[in-house]
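I have placed the structure first, in the form of structure tokens, so that the comments after it can refer back to it.
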Amino acid sequence: MKKILLFTFIALQVASLAAQTKEELKAQKAEKQTEVKVAQGELNAIQAKIDALPGWRLKAFGVIGGSLSEFNNWYAQGAPNNSSGNIGITVNAYANLIQPKYFWRNNLNTNLKWVKLDNKDIATDDSTFNPTTDVFNISSLYGRNLTNSFALSGMMEYRTTLLNNFNDPGYLDVGVGGTWTPIANLVVTMNPLNYNFVFSKNSTVFESSLGAKIVADYTREIGAINFKTNFSTFQSYKSSDLSNWTWINTFSYTLWEMIGVGFDFGLRSNKQEALNYLQNLPITLGGDPNATFDSVDNKLQTYYTIGLSYNF
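Take a look at the structure:
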């Protein structure tokens with residue numbers, strides 16, 4: 243009985259010491275977490291002062307996605323001998339010059355993707371990578387500050403494709419108006435006087451016109467997270483059929499140094515592009531060479547890319 247009581251007493255003492263040690267460790271952890279929060283707040287304050295200094299701001303980030311595969315005598319599938327793959331890359335970059343009296347903001351967005359599916363049992367099958375996603379957008383904005391949050395400005399924006407049908411169509415917007423920066427990292431440009439030059443071989447569908455241009459851009463870096471959203475719309479004064487809008491979003495999370503995971507997606511509405519596509523699509527696939535702006539179904543255009551991300 244004495245041995246049992248002694249053993250129980252020792253066990254209780256060990257448990258008590260363990261509990262005490264655990265509580266002490268928890269207290270130390272809470273104390274360190276508080277110190278980290280205070281230090282992070284101080285770092286954020288210093289970074290805000292750095293960001294407010296005049297000079298150039300340079301940044302590039304995006305998403306890289308891809309996969310490669312090859313099958314030989316894999317009889318469970320319809321094409322037992324094939325090789326396939328897809329490669330995609332997005333680039334978001336900016337070079338902004340910020341001065342007390344003026345600013346010059348330059349942005350680049352591109353999304354390129356190639357895909358191949360080669361059935362080795364078909365001699366005429368295409369074995370090359372073919373472009374599927376093809377987006378290129380570059381803009382330049384110059385402004386003279388009237389107040390801390392508003393400036394008179396002029397903007398140029400060019401959109402086209404690079405891999406297929408370069409500049410066919412291509413869109414060049416040139417306009418003047420004002421730029422509003424209500425909060426940090428948000429830039430809203432409103433150009434009531436803007437000319438939308440459209441370059442294309444199909445002059446019966448694509449047409450240049452005068453209108454209004456609105457662009458809203460928000461770019462932010464919070465710790466390991468980078469994200470950018472850009473909305474651009476042109477509203478033609480001549481006809482709504484000549485209006486268009488594009489909304490592009492990129493998110494990335496850094497896991498190690500400059501590498502992480504990311505997600506990029508875009509939306510677009512352009513009735514001229516929808517009509518041009520329908521008129522040139524083979525009738526066997528649903529095309530209509532006699533389609534008009536009144537008959538075309540202007541479906542929402544979308545794309546997305548998921549993969550490894552980078553930033554520097």
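Okay, so the sequence shown: first residue is 243 according to the numbering used here, each after it adds one. Even glycine gets a Cβ: it sits at the ideal position worked out from N, Cα and C.
Suppose contacts are defined by Cβ-Cβ distances below 8 Å. Is residue i in contact with residue j by that definition?
{"i": "N557", "j": "N351", "result": "Residue 557 lies beyond the stretch modelled for the chain, which goes from 243 to 554, so this question has no answer here."}
{"i": "D459", "j": "T332", "result": "no"}
{"i": "S395", "j": "T423", "result": "no"}
{"i": "R386", "j": "K343", "result": "yes"}
{"i": "S369", "j": "D410", "result": "no"}
{"i": "N325", "j": "D360", "result": "Note that residue 325 corresponds to Ser in the displayed sequence, not to Asn. The answer is yes: Cβ separation under 8 Å."}
{"i": "V538", "j": "L509", "result": "no"}
{"i": "L550", "j": "I306", "result": "yes"}
{"i": "L435", "j": "G419", "result": "yes"}
{"i": "L542", "j": "Q514", "result": "no"}
{"i": "F476", "j": "G453", "result": "yes"}
{"i": "T366", "j": "Y545", "result": "no"}
{"i": "Y552", "j": "G304", "result": "yes"}
Quick one: residues in its chain with C-beta nearer than 7 Å to the C-beta of residue i, no 5 flanking neighbours on either side, listed in chain order?
{"i": "F554", "result": "A302 and M500"}
{"i": "N444", "result": "N518"}
{"i": "P296", "result": "I340, Q341 and P342"}
For residue i, which option in the options has the closest C-alpha, if you only look at C-alpha atoms?
{"i": "K480", "options": "E449, L428, T402 and W498", "result": "E449"}
{"i": "T421", "options": "I548, I380 and T389", "result": "T389"}
{"i": "F439", "options": "G504, N540, E277 and V416", "result": "V416"}
{"i": "M398", "options": "T366, T446, N323 and I456", "result": "I456"}
{"i": "A393", "options": "G297, V429, G528 and T402", "result": "V429"}
{"i": "N406", "options": "A466, V377 and E277", "result": "V377"}
{"i": "N433", "options": "W316, S478 and N315", "result": "S478"}
{"i": "W498", "options": "G465, K291, W316 and T263", "result": "G465"}
Spatial neighbours of residue i within its chain, please: CB distance less than 6 Å, with the 5 preceding and 5 following residues excluded, ordered by chain position.
{"i": "N348", "result": "A337 and S382"}
{"i": "N512", "result": "N486"}
{"i": "K346", "result": "Contrary to the premise, residue 346 reads as Trp rather than Lys in this sequence. Once the five neighbours on either side are set aside, the close Cβ partners of W346 are L339 and Y384."}
{"i": "D530", "result": "L520"}
{"i": "Y437", "result": "V416 and L452"}
Distance check for residue j and residue i, CA to CA, integer angstroms please.
{"i": "Q270", "j": "S494", "result": "33 Å"}
{"i": "T534", "j": "G502", "result": "46 Å"}
{"i": "K279", "j": "I288", "result": "14 Å"}
{"i": "P524", "j": "A516", "result": "14 Å"}
{"i": "P322", "j": "K362", "result": "9 Å"}
{"i": "T191", "j": "E266", "result": "The chain is shown only over 243 to 554; residue 191 falls outside these bounds and no answer can be derived."}
{"i": "N491", "j": "S482", "result": "25 Å"}
{"i": "T402", "j": "K268", "result": "58 Å"}
{"i": "T526", "j": "N532", "result": "14 Å"}
{"i": "T461", "j": "T496", "result": "16 Å"}
So is the beta-carbon of residue i under 7 Å away from any non-hydrogen atom of the ligand COA?
{"i": "N315", "result": "The ligand COA is not part of the structure shown, which contains no ligands of any sort."}
Taking 8 Å as the limit between beta carbons, can you name the residues of its chain near residue i, skipping five residues before and five after?
{"i": "N372", "result": "W356, V357 and K358"}
The region 351-364 / the region 322-340 touching (three or more Cβ pairs under 8 Å)
yes
The region 306-319 / the region 263-283 touching (three or more Cβ pairs under 8 Å)
no
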